[in-house]
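When the sequence shown is numbered by my numbering, its final residue is 727 and no position is left out of the sequence of numbers.
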Amino acid sequence: MVELTAPVRSVVGDRTAKELGARLGVHTVEDLLRHYPRRYYERGELTDLSSLRPGEQVTIQATVVSASGHRIRPKLHKLDVVVTDGRSKLTLTFFNKHWLADRLPAGTEALFAGKVEVFRGRRSLTNPEVHVGDADSFAGALQPVYPASAKLASWQVEKSIATVLDLVDAVPDPLPDAVREHRGLLPLSAALRLVHRPGDRSDVRRAQQRLRFDEAFLLQVVLARRRAEAAGLPATPRVPADDGLVSAFDARLPFRLTDGQHEVAGEIAADLARTRPMHRLLQGEVGSGKTVVALRAMLTVVDSGGQAALLAPTEVLAQQHHRSVTAMLGPLAERGLLGGSEEGTRVVLLTGSQSTAARRRSLLDVASGEAGIVIGTHALIQDAVDFFDLGLVVVDEQHRFGVEQRDALRAKATVPPHVLVMTATPIPRTVAMTVFGDLDVSTLTELPAGRTPITSHLVPVGEKPHFLDRAWERIREEVAAGHQAYVVCPRIGQVDGSDADGEEPADGPDLQVVPDPETEPALRPAVAVLEVAPSLIEGPLAGLRVEMLHGRMPSEAKDDVMSRFASGAVDVLVATTVIEVGVDVPNATAMVVLDADRFGVSQLHQLRGRVGRGEAPGLCLLVTDTEAGTPARDRLAAVAATQDGFELSRVDLETRREGDVLGATQSGRRSSLRLLSVLRDEPVIVAAREDATALVDRDPHLFANAELRHAVDALLADERSDYLEKA
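Structure, rendered in structure tokens:
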């Protein structure tokens, strides 16, 4: 027998173990057992060959039509094997494998694994791996097809798993018997065996049902324990003063809050008045007014004698927040200064690249309590920053921050502060239940009156290169009409002699799409700001005032460029994703996103939200050279087709691996979700949440559930659990 924690190399060969670890993230015996089949084939159930896309790494089941070979050179033999699914045909080309002709006579049904290529306009596989089963291999059983790699075919993975199944005895079951019996689920050992060795489709269904529930239940137990822990902490109630800052701010607003803003503001005010810390997620569409709602919450805390800190992921966004907050507050943000209101407070900015003198003044205002609102980047969490009375932490675009950063800021309060997390990426209910399960959720869907629509168009330069010329003409037309424009690139380019492929860590390159080698072909290097800007200045945008903005510029330079763009002194800003959130220039009406396929759906939605923020309508042009019908092209078509962020968030989940959304890509690690779909499996998530909450209410420390406690501890000890820490 073998232990689940044993390294996988102890049961398979070193070469196989190395490939399993490097390409598939399988390091232990348990990892291998949890490497579930992607799908299953039955004998005669052939792959739809017309669905294969160039660049895909595929495993197909097909029937041989013919095999013919000839010698090209004295030492080079070519064998062409034509296979079919009964409708379409595909050519498999083998070099120096003439002996395969005898193994693949016409009528043979076999599995082939390789990369789809296009040669002279026709799809083919070159030197694919071949698996011809014996007469009984398909009889009465399903053939599992596993996530594999170029060097390790599906059936080789299957062989390794078969070895482990024969060596593993009973698997410890973390699901309490009462929960398992109540839900009518299989024991874990039986589920693991059936998912790999099913007799029929019903076996697959029952095994996956149990394994999906496990994934949902374990996550919900972690979140339920966090909710219980948070509910037991004390907090200082924060209530606005009569005729205080909140009332004065409301009187200054040049517009009426929407009904949605009033409703959410009421929810937050009720949370702040309680004696336990608020843990609330505020999500909403681009431009739905989240900042105003958050500012009212911050003023509530200041009214009660406390301080509020707003943590932003980039200096550009922190500076933008500082400008917008001080502008909205006016004299209320300048207490103690000439012309400032004595009933107001002071708003300070704290970033890592401030001058020593400016930083010293900010730190003094924070420590003394003179600054009621502190806005900053990661600089807020440094040891030198001491708050007088930190009562509220507002985390903007929270997915940009690690667990340690958020916890370090909360730790600066003497009493646990209230926490408000903001995101402009709309999230479906089931995602919120899974990812933000320890937060109360408020949603803003209504846009303020007067917001203009944004028109989005796909610019397929691969098929119609002249469309790009028209895009630059549209930019010139917008500038001629007195407006401004953005040009967005995925990369910075050559900086100080080195090639910078993205922003500084906080600027979010981790949100960009990296093609899945199993579904999308490799891409050429993305276009870069430092290459695009000069070509535009000398070419299609000659004569316009064009500037660059990216995350590796000095802070003063970034602030100067943004200030001049906001004042209208710059016509076109060529930038990276530093403009993705928070940047508010109402006169900017047009955006061209180059290599738009390199960005995620939600990120594109955020980017285009930078235009159309004034009275004039917005225009967003998504430039791509991807082929029609590819997943990347489908993503862009979805973005162009709708402005509904909640609909796009569903598209994002359906077209990307869910682990990306749950934080696996952001942290560089795999997601713990393998079978559970947060869109498809809402009933499973709801049931798991009910059972997990009831169990934790009875046994918060899991003393009566040793195996479950062990599984939870293992998850929390694993760095992959970072994405759960959202509060």
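For each residue, glycine too, the CB sits at the ideal point set by N, CA and C. Bear in mind the structure is a predicted one, so any value in this text is a computation, not a measurement.
Item: Residue range of the alpha helix (DSSP H) that includes E42; Value: Neither: E42 is in no alpha helix (DSSP H) and is coded neither H nor E.
Item: Separation of D634 from P54, as counted between CA atoms; Value: 15 Å
Item: Given Q61 as reference, the closest of E109, D303 and V239 once Cα atoms are compared; Value: E109
Item: Nearest residue (CA-CA) to H605, options V459, G21, D652 and A575; Value: D652
Item: Cβ contact check for the stretch 307-315 and the stretch 261-281: 3 or more pairs under 8 Å; Value: no
Item: Beta-carbon gap between V246 and D173 smaller than 9 Å; Value: no
Item: DSSP state of D440 mapped onto helix, strand, coil; Value: strand
Item: Residues bridged to I475 (per DSSP); Value: Answer by DSSP bridge pairing: none, since I475 is not bridged.
Item: Per DSSP, the bridge partner or partners of I373; Value: A308 and V347
Item: Straight-line gap, A408 to L536 (C-alpha atoms, nearest Å); Value: 44 Å
Item: Environment of R689 [buried if 16+ CB atoms lie within 10 Å]; Value: buried
Item: Cα-Cα separation between D415 and E285, rounded to whole angstroms; Value: In the sequence as presented, Asp is not what sits at residue 415; that position holds Val. In a straight line, the C-alpha of V415 is about 33 Å away from that of E285.
Item: G551 and V578 closer than 9 Å at C-beta; Value: yes
Item: DSSP beta-bridge partners of Y486; Value: L573 and M591
Item: Stretch-stretch touch, CB-based, cutoff 8 Å, three pairs: the stretch 99-113 with the stretch 59-79; Value: yes
Item: Residue interval of the alpha helix (DSSP H) (run including A688); Value: E682 to R698
Item: 8 Å CB neighbourhood of A384 in its chain, flanking five on each side removed; Value: L363
Item: Per DSSP, the bridge partner or partners of P129; Value: Note that residue 129 is Glu in the sequence shown, not Pro. Paired residues: A113.
Item: Spatially closest choice to G462 from V221, V204 and L594, by CA coordinates; Value: L594
Item: Secondary structure, alpha helix (DSSP H): runs of 4+ residues fully inside the stretch 8-85; Value: 14-24 and 29-33
Item: At least 3 beta-carbon pairs within less than 8 Å: the stretch 541-548 vs the stretch 567-574; Value: yes
Item: Backbone secondary structure at F467 - three-state DSSP; Value: helix
Item: Alpha-carbon to alpha-carbon, M1 and L167; Value: 5 Å
Item: CB contact flag (R38, K151, <9 Å); Value: no
Item: Cβ-based burial, H262 [other Cβ within 10 Å; buried from 16]; Value: exposed
Item: Residues near A687 by beta carbon distance below 7 Å, same chain, minus five either side; Value: R183
Item: Helix, strand or coil at H378 according to DSSP, with G and I counted as helix; Value: helix
Item: Option nearest V239 by Cα separation, candidates R201, R296, L702 and V11; Value: R296
Item: Three-state secondary structure (DSSP) of G330; Value: helix
Item: Extent of the continuous alpha helix (DSSP H) to which R491 belongs; Value: It is not in any alpha helix (DSSP H) - R491 carries neither H nor E in the DSSP assignment.
Item: Stretch pair the stretch 243-260 + the stretch 333-353: three plus CB contacts closer than 8 Å; Value: yes
Item: Span separating the alpha-carbon of V639 from that of P331; Value: 41 Å
Item: Sub-9 Å separation of S160 and V8 beta-carbons; Value: yes
Item: Proximity to N127 [Cα-Cα], best of H77, V222 and P490; Value: H77
Item: Spatial distance of T555 from T377 (CA atoms); Value: In the sequence as displayed, the identity of residue 555 is Ser instead of Thr. When rounded, the distance between both Cα atoms is 12 Å.
Item: Short Cβ contact (9 Å threshold) for V755 with L621; Value: Past the boundaries of the shown model lies residue 755; the chain is included only from 1 to 727, so the question cannot be answered.
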